[in-house]
Structure formats: structure tokens, C-alpha cells
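Accompanying notes for the structure given below.
Protein chains: 2
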Amino acid sequence: MDGRNIIGKMKTGSEVGVLNVFGPGLQRILEGSFHIAGDAEIDKALELAEDAFRIYKDMPGIRRAEFLHAIADGILALDDNLIQRAMQESGLPEGRIRGERGRTINQLRLFAEVAKEGSWVDARIDRADPGRKPIPKPDVRSMLRPIGPVVVYTASNFPLAFSTAGGDTAAAFAAGCPVIVKAHESHLGTNSLVAIAIQKAVEKTGMPDGIFSSLNGTGIGLGQKLAQHEKVKAIAFTGSHKAGKAIFDTAAKRKNPIPVFAEMGSINPVLLLEGALQKRGATMAAQYANSVTLGVGQFCTNPGLLIAKTGPGLDTFLQELGKLIQEKKPQVMLNQGICDAYARGTTQLLAQTGVELLAQSGQEAQDFEGRPGVAMINASDFIANPVLKKELFGPFTLVVRCQDDAEMEAVIRSLDGQLTGTVMGEAEEIIRYRAFIDLLQDRVGRIIFNGVPTGVEVCAAMHHGGPYPATTDVRFTSVGTASIKRFGRPLAYQDYLPELLPDELKDENPLNIWRYLDGVLGKT
Amino acid sequence: MDGRNIIGKMKTGSEVGVLNVFGPGLQRILEGSFHIAGDAEIDKALELAEDAFRIYKDMPGIRRAEFLHAIADGILALDDNLIQRAMQESGLPEGRIRGERGRTINQLRLFAEVAKEGSWVDARIDRADPGRKPIPKPDVRSMLRPIGPVVVYTASNFPLAFSTAGGDTAAAFAAGCPVIVKAHESHLGTNSLVAIAIQKAVEKTGMPDGIFSSLNGTGIGLGQKLAQHEKVKAIAFTGSHKAGKAIFDTAAKRKNPIPVFAEMGSINPVLLLEGALQKRGATMAAQYANSVTLGVGQFCTNPGLLIAKTGPGLDTFLQELGKLIQEKKPQVMLNQGICDAYARGTTQLLAQTGVELLAQSGQEAQDFEGRPGVAMINASDFIANPVLKKELFGPFTLVVRCQDDAEMEAVIRSLDGQLTGTVMGEAEEIIRYRAFIDLLQDRVGRIIFNGVPTGVEVCAAMHHGGPYPATTDVRFTSVGTASIKRFGRPLAYQDYLPELLPDELKDENPLNIWRYLDGVLGKT
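Which chain is which? The protein sequence lines are A and B, in order.
Last residue of the first sequence: 515 in our numbering, with the numbers rising by one and none dropped.
Last residue of the second sequence: 515 in our numbering, with the numbers rising by one and none dropped.
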């Protein structure tokens, strides 16, 4: 296991210190010592990235696509080495890791197609009118240009799909930006394997030195240094509120503040309407027992809050949900920090005024395991208590019982920004409750009818984001093809020399992309 | 002159205090006492805005368009009352104010068309595939939805086009957002006239109470309170670096940080290449003498920095520029603060190491006037001095003389983020200097060949923005139709009830807008 930092085409190991990774399932330190990046290595990575940017920003989409496909090929070639290491480091089962690898490959190939097709740049051409009175109209053209070197903080809960070659990296490369990865301390070995695959893809496809670096270090050390580094032009992060907010605050205080796309989790409220509870309460209980415990509850879209009116429908649902949660087994969590935080958080939650434990897994949690659970509270106690509005990362959900519609509305109004909001209801009652759903809409980035929030489809229409504190930037998604827009910034070219215009803005539209010509969308 | 605050459909005047406006041209206090908004009025305006948002966000584009056209009609109906007051408050000549009114009207009508046409929402539909393995694919649709109540800080230098019913307000209304205007202290009367016209348009077109409010107060008082107010969801600002940065910092420190679109000015560097200087130095001098002094230099796109290599071409240019600047007359500036800052700033600039005055207007400035001037410096002194990188708001430009290409490159590399960068050059030398132009591109939002940066065309392709410190958000423009995107945020609808979907996302595409269907752009 190669524990060096990847600095462009080099591998380096400074003498600052090393990190090791503890495997939560095997309960031992795993092979490999990972060198913490020193200041000189950080500076070198950013210098190279700045140089690489000068070349890569003008590389055509087709070259960027080759690079992305080569990364995907390289990851596939790692085969079982990668699967095993990711399993050991994350404690996640093989099926999940294989699935996540599939998603990672698909994302890389999807962004390759986006880069190749090229219309994402929002090209606009307004032609000159030299005869216009009182002053001539200039020729103005604009498009999204890559923003510059991007730092990607990899996520603990997706060692592949939201990590080294995950969605953020794929989107940044597709957009024309170099990437510097800050590897997550929980899966430094998985990171090393993938980072070396990217390094090889750089070589294979003739990409500029410095288009990619991968650095090891702690959040407080390396993480903060990267957020402060003047050559960094944007940041993508998926993780805890505490870490995301620290990065956001640091970036806002820079001499030159930069965009921070931090996805910081959410409690993902679910409205359970009475008609649906009565008609299919047991089915819904099964859906939600599975969604709450999927991946040991370690998803940012985990349904942490179920909101319903008291009544026989809810009683049946709760009985069934309690029974199913009891049957669920504790499972190994991603790392000790997350496991401890889950245990502490559960204890804290259960100690809050009015919180009543409905059910827990029938088995006690062993070391590094998270024990599924479900608790209840009434609406007024919930509304009054900010502790209950915070994400409890793990296989737990809280049911808020409302006496009437007014209480249900008040619960919705008390919610902070969320990644998702879900409504389980019959068609007629969904229409009847549309005012409530409207309130929910204002607080979420994605609204789901009769489904579960876990499982984020990677597609053109997906929005994985939401109002603060779900993310630090309500205007951008971190999943799906639209996430490429995070790494572009508009540039206007006025009365430009035709031969110096980017292909996207040339008269003859050589890339055959969609663009606005004098305000009209088309391919001419 | 009605000095009350506009709170939705009401007019109120609390007892907090009043402000008066001093007319810089007439040199006296103008008619009207303007009530400073108290905390209760601020809260009321935001409460109403929140209520209005619930209704307005779902109003079809065609209704929003009616509202925008009604505002335009109302402003035209104010006729000479408005023109005279704006002239008195700004010191700007009649032709300029009439032109600015025309631009304001055009912007309102342009955004009305954008709202009516509807494609700006970036609608995306990915259809379900219930048979997909291993898990069914859900139906996911997304579009930009209005972000919520927007505060618009009006600009001192455009009492109409970047103020009460200016581009920010028009874009926010078109997007579906209520607007709360923080009126600029320099033109409270102009603001009152336009605000009342908007209030009448609200009534006439049946818009919800609270869709618009206009408040009087100081930047430190009202300005900061609005930036902190929890019901405010986005901020648009045009003005000084100091004020913009204060708003940005306040918004970043909120419990729920919000987007701030602050356009904070720029020195707008111009590269004068030797071939062009030799061939048409005198013509270029005339162009730039006019651009530097246009509107008494009170444009954020004023060319404050000319960069050229020493040589006979530059000598001729400077001789001619000096002569023309000498012939320009001092003119009344927008207000005392701006005039004092210009006088202080000029003195400070001329006191810097290596700065040499080339020419000044042959006339001394009278009270409230700004005296045109041009100074010179060598490259190394310029590069070393951060004072010279800051905008001097007024009719002044600084010429940086470079000994060679290396110095010219170093000057470009030393520049902060800018709204614009301009290159004056012959075609062959533009191509020869493309590496320098590439460096310039990275530092600007708009790049211009053989023109002047002043005069910002309002069109689809315009980008009026740029890297920090030109703006606080490099990803958005504040001029042109794309500026509407500042006030939208994506929302995804998963497996939604068809009858509850917004028209933009209904299967039958009733609005006939452009959208992505399973990743393919079209009108089906």
C-alpha cells in the first residue's frame, strides 16, 4: 500500500508524520502508513494545479472525456484490490461497495459525455449592430469557463462515489478544472489506490502535470490550509455540519472569498398523511424500517424525522415500524468517530423532554456497531427543542405525533433547510394538504411523493442540495449532470477576434452545441 | 414629495428620524423629508414579503410580465417630475438621465419577456423506468424556483437603472421574488417617485400585498439590519467595496447565510499594444479621454488603468491624452461623499512613490466637482503598491509604463479580480500577445477588444461581474437577462402528482418552453 501523497506526476512523503487507518469491521489497524502532506507539498500541488489550469482550461471536451473514461477504466482495473480495501476501511458490505463502484464509473462516464457534448457552457451570442442609434451595438458572446483549481474533500460515507474520483472530481474535470483531493482519514488506502489510477490516467491521456493531486492530512490541519490557500478557486465538500461550516467560514474570511459547495446533511422530514397510513401503514413501515437502516443509516438523505397526526393509522404504523426496527441487527459503522457520535447522539436524544423510545434493535451493539432505533415525541416538545432539529447520523428516526393539522403545520414551519422532504399520502389528501406541502417545498431541495429519500438518482434533473444548513449554497446540486455548473463562471467576450474565440462561441458552431443566438436557442 | 416608507400597500412614517437630500448641482437641500424606517417597519415589510412570496412564486410568467410592464408604464407617466428630481439629486445632466430612464424601461420590458417566455427556469425531466434493475428509476423533474424575498440596495451612480426599479428589481420580480428596496441616501426623492409607481402597479395588476417595499435609512443602520434579517433570502448590491464587503460579511455570519450579489467596482485595466498605439494612438487617446470622463468617471467600468510599453507610440498617445484631459471640464459629482473621496483619493494617488501627474483639467474643481486627471507610473512601482490596485471612483486614470513584455506580464499578474479587461491592438499583435490576454481573462468578467469598457450592453450574452473583489460571486451577472438566475434555486420533484407539478414541468409542456427531456433539449 503506497502511502505517499500524489503531487501531480510525483509521489512524495514528507517527514511531517503519518496516519494509519483502523478497519472498523476487522477491528485492527490496516496495512499502510500514509504521509501527512507538509506545507511545501501543499504549495507544490497548488502551483502545479495553477500551471495545469492554463493548459487544461482550453482542452476540448473530447479530450476531457478521454481522461474521464481512462479514470473509469483504471478504477475497474483495480478490481478486487479496491473492493477489499474499501470494505475494510468503511466496514460496508461487498454488495454495497460493488454498487458504489458501479455508480462511480457511471458518473465518470456520464460527465465524459457532458464534456464531449459541450452544451453545458450556456453559450450565448448577441451579434453586433454597427448602425444602431444612438450608439452602435457591440458583438457580445459569453459562456461558462472553468473556475480554476478545485479542492475536493472526500466523504466518509461514500469511499468511492463521493470521494477521490467521485461526483465532485468528475464534474470538476469535466468543467476544465484541476482537482486537489483532501483524502478522508477513514479511507486513505482506498484513496491511494484511486488516486494512483487517476495519476496513470493523466499519463495515459497526456493531461498536464498538476491536473490532479491527492493529499493526506487532518481536517483541522490540511483541511483548513487548503480552504485558505490563495490558489484554490472553489471547494466541494460532503460531510458533517461542523466540518462544512468551518470550511465555509474560513473561505468567507479569505482575502479573496471563494465559492464553497458544502453538503452538510439533513434530517429529511417525511409527512405521513392519515389516508395512506390507514390504507398501507404496514407497507410504509417496512419501507421506512429499511430506509432508516440502509447503510447503517449513514446517508445524508436518511429519513430522520417522521411527522404524522395521531390516530389508529399511526398506531398501526408505529407498531409495525417498532417491530421491524427491533428485528434489524446492529451493524458496523464507518469509523470510531461516527460510531461514538451516534451512541452519544442517541443517548442525548432520548434524554430530551418528551422523547420516548419506541423500539430498538433487539441486539445490543458490539464495538463499532450502530444499533437501530426509533423514538417518539409530541409536536410542541419537538418544536421547542433545537437539539432535535440536528442530524443524528445513523440508523435512527424520530416520530413527531401531532394532535391536529395546526400542529403539523407548526412542525413544518419549525424546520431548517433540508436536502429532501417526503410526503406519503393518497392523491386526494396530497391535494388537500397542498398548502403544507408548499411550506415543505420552501425548506427542501428535493420533494418526493410516496417513496423514500435514500437513493439519489444520478440524472439531469436531480437536485441534491437545499437551503442552509443542508448546504452552504442553495443554488447548486452536488449530484447529477447539473453539478458541473458549480465549476464554471461566465466570461463575456466583446468584439473579440474570431480566431481567438473558443470553439463554443465561433460563428460556425463547430462543436454543434445548443446556444442562444440573439436570444433564440438553437444549434446555429 | 412624499417622504414616507412604502410597506407593501401602505405608506408609513415612523418617528425614528428623517433624512434630507442635498442637491450637488443646486447646492441646497432639496424638497422632502424622508422618514427613516424603524425596526417595526422593517419587520412588517419582511412579514408582508414572506406572505406575498407564498402567492407570487406560483404566479405564471405572464402575470409577472404584466406587472413589470405596468411598472415601466408608471415610470414613463412620471415624466418630467422624475427627470427633474433625478437630475437634482444626482447632478447628472438631462440627456444622461433620459437615457438612463430609457434603459430602465427597456430592462423592465426585457425581463417581462423573459418571464413570459419562461425557459429561464432550466426545466429538466427524467422519466421513470419502473422496470430498471436492480432498482426502479423514479420520475425526477427539476426547475429553478424563486429564492424568496430579495433586498436590493440601490446604487448612487444609477438613480434609475441600478436602483428602485432597476435591473436587480426587474430580475427579482421576473424570477418570482418579492423585493425590499434599501433606498440610497443620495436620491431618496427619485426613489420615492419610482417606489410609488411600483406600488400603483401592484394595485393595478392585482399583485399580492408585500411584493414590494421601499425603506429609507443609512447603510450602517438599515443596510445592516436588512442584511441580518432572517426572512431575507438574497441580496443584490451595487456600490463601493467597503459597503459591499460589510454586507457580504454580515450575510456570511448569519445563522442562515444567504447569497450576496455585490458588485463592488473595479479598475478595469486596458492593455495598449504597440502596433495600435503607433497606428492610431491619437484616436485611442480621444476614445479614452472620453471614456475616463464619461459621467464624471462615475461608472464601475471606468478605465482606471492603462498598461503599455514605453516607446514612441505611447509618447504620442500620452501627449494627446494629456491634452484632451486638460480640455475636459470639471463636473458635478453625485454627492459630497463621492466628491470628497475623489479629491482625497487623487491626492493620495499622486503622493505614491513613482506616481507622476501627466495632466489635469485646465480648470480647478468648484464645490462638488470632480477634476479630470491622468497620472503615470512605472511597472515596478505599480506592482509593489496595493493602494494603486484600488478603484479611484471618478474621472481619473493611471498609465503604467512597462519597459518590456516581462514587465507587462508582471503587471497583469499583479491585478486583482476585475469587471472588465480591454485590449487595444492590431489583429496580429493580439494573436502574438495571446498568452497575456489569457492571463487577463482569468482576472476579469468581460474582455473587450478595441473598445472601451464603459457602456454595458443589456443583452443575453452580457456578463457584468467578475472575480473577487470585483464582485462577491463570480458565477453571476448583474446585467442582462442571465442576471435572473441569481434569484432562482433548483428544486427537484420526485414521483410528483402530475396535477400538482408546476406548468413548466407538466408532461404536455403547456408553456411551450425549452427543457431537457431524458437529457435531450427540446420543446416536447
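C-beta atoms are modelled at their ideal positions from N, C-alpha and C, and glycine is treated no differently.
Item to check | Rounded straight-line distance, which links the Cα of A:ILE(-2) to that of A:ARG245 | outcome: Roughly 24 Å between the two C-alpha positions.
Checklist entry - Among A:ASN97, A:THR95 and A:ILE74, which one has its Cα closest to the Cα of A:GLY86? => result Nearest option by C-alpha distance: A:ILE74.
Checklist entry - Would you say A:GLN394 and A:THR307 are within 8 Å of each other, going by their C-beta atoms? => result 8 Å or more divides the Cβ of A:GLN394 from the Cβ of A:THR307.
Next on the checklist: Need the endpoints of the alpha helix (DSSP H) that A:GLY266 sits in, please.
Outcome noted: 265 to 284 is the span of the alpha helix (DSSP H), which, as asked, contains A:GLY266.
Item to check | Among A:ARG404, A:PHE427, A:SER405 and A:VAL402, the one whose alpha carbon lies nearest that of A:VAL414 | outcome: Considering only alpha carbons, the answer is A:PHE427.
Next on the checklist: Please report the straight-line C-alpha distance between A:LEU39 and A:CYS450, rounded to a whole angstrom.
Outcome noted: Just so you know, the alpha carbons of A:LEU39 and A:CYS450 end up roughly 33 Å apart.
Next on the checklist: Strictly under 8 Å for the Cβ-Cβ distance: is A:ILE439 near chain B by that measure?
Outcome noted: At least one chain B Cβ lies under 8 Å of A:ILE439.
Checklist entry - Using a beta-carbon distance cut-off of less than 9 Å, what residues from the stretch 470 to 495 of chain B approach chain A? => result Residues GLY471, THR472, ALA473, LYS476, ARG477, GLY479, ARG480, PRO481, LEU482, ALA483, TYR484, GLN485, ASP486, TYR487, LEU488, GLU490 and LEU491.
Checklist entry - Along chain A, which residues have their Cβ under 8 Å away from the Cβ of B:ILE421? => result Within 8 Å Cβ-Cβ: LEU488 and LEU491.
Checklist entry - What residues in the stretch 247 to 260 of chain A have a beta carbon less than 7 Å from any beta carbon of chain B? => result The residues in question are ASN247, PRO248 and PRO250.
Item to check | Among B:GLY158, B:CYS168 and B:ASP117, the one whose alpha carbon lies nearest that of B:PHE149 | outcome: Nearest of B:GLY158, B:CYS168 and B:ASP117 to B:PHE149, Cα basis: B:GLY158.
Checklist entry - Smallest Cα separation from B:SER352: which of B:LYS314, B:GLU41, B:GLY408 and B:LEU383? => result Restricting attention to B:LYS314, B:GLU41, B:GLY408 and B:LEU383, the CA atom closest to the CA of B:SER352 is found in B:LYS314.
Next on the checklist: Less than 7 Å separating the Cβ of A:THR413 from some heavy atom of the ligand HEM?
Outcome noted: This structure lacks the ligand HEM; in fact it carries no ligand of any kind.
Next on the checklist: At the level of alpha carbons, what is the spacing between A:GLU522 and A:ALA273?
Outcome noted: Past the edges of chain A, shown from -8 to 515, lies residue 522 of chain A, and the structure says nothing about it.
Item to check | Extent of the continuous beta strand (DSSP E) to which B:PRO137 belongs | outcome: Element bounds for B:PRO137: 131 to 137.
Item to check | When B:LEU69, B:GLY29, B:LEU264 and B:LEU492 are compared against B:ILE421, the one with the closest alpha-carbon | outcome: Closest in C-alpha terms to B:ILE421, from the list B:LEU69, B:GLY29, B:LEU264 and B:LEU492, comes B:LEU264.
Item to check | Nearest residue (CA-CA) to A:GLY93, options A:ALA63, A:SER81, A:PHE102 and A:ILE368 | outcome: Of the candidates A:ALA63, A:SER81, A:PHE102 and A:ILE368, A:ALA63 places its Cα closest to the Cα of A:GLY93.
Next on the checklist: Between which residues of its own chain and B:THR160 is the CB-CB distance below 6 Å, once the five residues before and five after are set aside?
Outcome noted: Cβ within range, chain order: VAL143 and VAL170.
Item to check | Rounded separation between B:ALA299 and A:LEU482 - CA only | outcome: So the alpha carbons of these two residues sit roughly 24 Å apart.
Checklist entry - Do you know how far the Cα of B:GLY109 is from the Cα of A:LYS497? => result Looking at the two C-alpha atoms, the distance is approximately 27 Å.
Checklist entry - If you count every other CB in all the chains shown that lies within 10 Å of the CB of A:GLN357, and 16 or more means buried, which is it? => result A:GLN357 is exposed by the Cβ-count criterion.
Checklist entry - How about A:THR445 and A:LEU285: do their beta carbons lie closer than 8 Å? => result Contact: yes.
Checklist entry - Is it buried or exposed for B:ASN72, if we count other Cβ within 10 angstroms and need 16 for buried? => result Under this definition B:ASN72 is an exposed residue.
Next on the checklist: Would B:GLN98 and B:ALA152 be called neighbours here (beta carbons separated by less than 8 Å)?
Outcome noted: Yes; because the gap between Cβ atoms is below 8 Å, this pair is in contact.
Item to check | N-terminal and C-terminal residue of the alpha helix (DSSP H) that A:PHE518 is part of | outcome: Here chain A has residues from -8 to 515 only, and residue 518 of chain A is not among them.
Checklist entry - Which residues does DSSP pair with B:HIS26 in a beta bridge? => result Looking at the DSSP assignment, B:HIS26 forms a beta bridge with B:VAL9.
Checklist entry - Taking the alpha-carbon positions, what's the B:ARG100 to B:VAL193 distance? => result If I take the Cα positions, the gap works out to 16 Å.
Next on the checklist: For B:ASN207, count the other beta carbons within 10 Å of its own beta carbon; 16 or more makes it buried, fewer makes it exposed. Which is it?
Outcome noted: With 16 or more Cβ atoms within 10 Å of its Cβ, B:ASN207 is classed as buried.
Next on the checklist: Using only the alpha-carbon positions, how far apart do A:LEU37 and A:GLY201 sit?
Outcome noted: Rounded to the nearest angstrom, the two C-alpha atoms are 8 Å apart.
Checklist entry - By Cβ distance, which residues of its chain are closer than 7 Å to B:ALA280, with the 5 residues on each side in sequence left out? => result Excluding positions up to five away in sequence, the list reads LEU312, LEU315, ILE316 and LYS319.
Checklist entry - Between B:SER205 and B:GLN190, what straight-line distance do the alpha-carbon atoms span, to the nearest angstrom? => result For B:SER205 and B:GLN190, the distance between alpha carbons rounds to 10 Å.
Checklist entry - Any idea if B:ALA397 is buried or exposed, counting beta-carbon neighbours within 10 angstroms, 16 or more meaning buried? => result Result: exposed.
Checklist entry - From B:ALA28 to A:GLY8, what does the alpha carbon distance come to, in whole angstroms? => result If I take the Cα positions, the gap works out to 58 Å.
Item to check | Amino acids of chain B, ordered along the chain, whose beta-carbon sits closer than 8 Å to that of A:ASP117 | outcome: Chain B residues near A:ASP117: GLU448, CYS450, ALA451, ALA452 and MET453.
Item to check | Meets three-Cβ-pair contact criterion under 8 Å: the stretch 453 to 471 of chain B and the stretch 403 to 414 of chain B | outcome: Yes, the stretch 453 to 471 of chain B touches the stretch 403 to 414 of chain B.
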